[in-house]
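**Student:** Per the working numbering, the very first residue in the sequence shown carries number 3; after that it's consecutive.
In this text, a Cβ means the ideal position worked out from N, Cα and C, and glycines have one as well.
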Amino acid sequence: MHAYEVATEPLKSVDDWDDYVAARYKKGKSEEEFRNYKADANPGVTEFYRQNHANQTLDFVLAKEAEYLPLRRRKMGMWEALDYLNTLVDDSDPDTDLSQIEHLLQTSEAMRQDGQPRWMVLAGLTHDLGKVLCLYGEPQWAVVGDTFPVGCAWSSEIVFPEFFAANPDRNVPEYQTLYGIYEPSCGLDKVHMSWGHDEYIYRVTKDYLPEPAHYMLRYHSFYPAHRHGAYRHLMNQHDVKMFEWVNKFNPYDLYSKGGARPKLSEVKPYYEDLIAEFYPAELQF
Ligand SMILES: [Fe+2]
Ligand SMILES: [Fe+2]
């Protein structure tokens with residue numbers, strides 16, 4: 003039995019959260035329209051954030067880190083991992099059998115067309131593979147969603163902040179101060195982020211990718227920081243510098259959807275070479 007609440011899954015697909023974020027940051031929106039983030043959230047998305055904010059406690063995050071970060075779940079090659087992720091059935095998108103791979107390919111192909119470095123194209127292809135957590139039985143609220151530090155005060159820049167009223171960490175005074183359990187400017191590496199697909203895929207791939215890619219994978223859902231400038235008091239100088247890469251990554255994640263659907267058979271040789279250049283035949287997940 004889990005100590006946390008397991009409710010019915012509110013999203014038809016975990017990608018509904020990605021679509022909501024893309025709508026929230028649609029190009030050309032004014033700052034005031036950004037603030038009205040609820041206008042873009044359907045009831046499923048709202049319920050998803052209610053569950054996420056109520057259940058992502060420091061204790062929960064520490065338990066998930068201990069469970070997954072030793073990376074002893076399974077061994078997979080990158081293609082195998084992509085195929086495995088694709089077995090996550092997407093109810094909301096019946097007309098493609100590549101629904102999960104498609105977003106990854108659209109992200110990486112947009113980078114490739116812009117002439118971005120090969121490691122970055124590979125980071126694009128890789129960035130959402132942590133969603134295999136869903137296939138391990140994790141609830142949606144522990145896989146996707148905007149991420150935020152736990153063990154310290156929640157920023158008002160996190161969407162739906164009112165839902166933190168139901169989070170048990172609300173009652174731990176030490177976790178409710180600005181710095182909480184952390185030191186000023188301690189660096190994000192020391193900060194425990196709400197549990198999800200970012201941290202997991204960063205850990206799986208970090209030995210094989212250059213440092214800017216670490217930041218891209220590890221913090222791509224950390225919208226309060228990379229979009230709104232929150233949590234600078236926990237970041238060090240190096241984090242601030244490296245977040246330039248997170249910002250470079252984000253538009254490809256948000257805005258590459260809806261473009262031409264890459265034909266897997268056409269692009270596969272390129273990606274087979276790219277994967278072989280950086281990754282071993284099998285990675286420990
Ligand atoms: Fe993601
Ligand atoms: Fe993504």
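1) What does the Cβ neighbour count give for ASP171, buried or exposed, with the cut at 16 atoms within 10 Å?
2) So is the beta-carbon of ASP21 under 6 Å away from any non-hydrogen atom of ligand 2?
3) For GLU104, report the span of its alpha helix (DSSP H) as first-last.
4) Just confirm the distance between the C-beta atoms of MET113 and GLY126, as a whole number of angstroms; I'd bet it's less than 8 Å.
5) Which stretch, first to last residue, makes up the alpha helix (DSSP H) that contains ARG37?
6) Could you name the residues of the same chain whose beta carbon sits closer than 6 Å to that of ALA227, not counting the 5 residues immediately before and after it, in chain order?
7) Along the chain, where does the alpha helix (DSSP H) containing GLN178 start, and where does it finish?
8) Tell me whether ASP130 counts as near ligand 2, meaning its Cβ is closer than 6 Å to at least one heavy atom of that ligand.
9) Under the criterion of a Cβ to heavy atom distance below 6 Å, does ASP255 qualify as lining ligand 2?
10) Taking C-alpha atoms, which residue in LEU266, GLY182, GLY117, TYR281 lies nearest to LYS208?
11) Counting pairs of Cβ atoms below 8 Å between the segment 155-174 and the segment 47-63, do you hit three or more?
12) Excluding the 5 residues flanking GLY189 on each side, which residues of the same chain have their C-beta closer than 8 Å to its C-beta?
13) Would you report the Cα separation of ASN88 and PRO175, rounded to the nearest angstrom?
14) For LEU285, which of helix, strand or coil comes out of DSSP?
15) Taking the alpha helix (DSSP H) that TYR233 belongs to, which residues open and close that run?
16) Nearest to PRO45 by CA position, among LEU13, LEU71, ASP17, PHE62, is which residue?
17) By DSSP, does LYS77 sit in helix, in strand, or in coil?
18) Can you tell which of GLY198, PRO186, GLU246 has the C-alpha that lies nearest to the C-alpha of TYR217?
19) In this structure, does DSSP put PRO119 in helix, strand or coil?
20) Take the Cβ of TYR51 as the centre, count every other Cβ of all protein chains shown within 10 Å, and call the residue buried at 16 or more, exposed below.
21) Would ARG263 be called buried (16 or more neighbouring beta carbons within 10 Å of its own) or exposed?
22) Between the Cα of LEU266 and those of ASP191, LYS28, SER101, VAL206, spot the shortest distance and give me the residue it belongs to.
23) Can you tell me whether SER196 is buried or exposed, with buried defined as 16 or more other CB within 10 angstroms of its CB?
24) Do LEU60 and GLY153 have their C-beta atoms within less than 7 Å of each other?
25) Taking its Cβ as the centre, do 16 or more other Cβ atoms sit within 10 Å of LEU180, making it buried, or is it exposed?
26) What do you get for LYS66, buried or exposed, if any count of 16 or more other CB atoms within 10 angstroms of its CB means buried?
**Tutor:** In terms of the structure at hand:
1) buried
2) no
3) 101-115
4) 5 Å
5) 33-37
6) TYR233
7) It is not in any alpha helix (DSSP H) - GLN178 carries neither H nor E in the DSSP assignment.
8) yes
9) yes
10) TYR281
11) yes
12) LEU236, MET237, ASN238, HIS240, ASP241
13) 42 Å
14) strand
15) Element bounds for TYR233: n/a, residue is neither H nor E.
16) LEU13
17) strand
18) GLU246
19) coil
20) buried
21) exposed
22) SER101
23) buried
24) yes
25) exposed
26) buried
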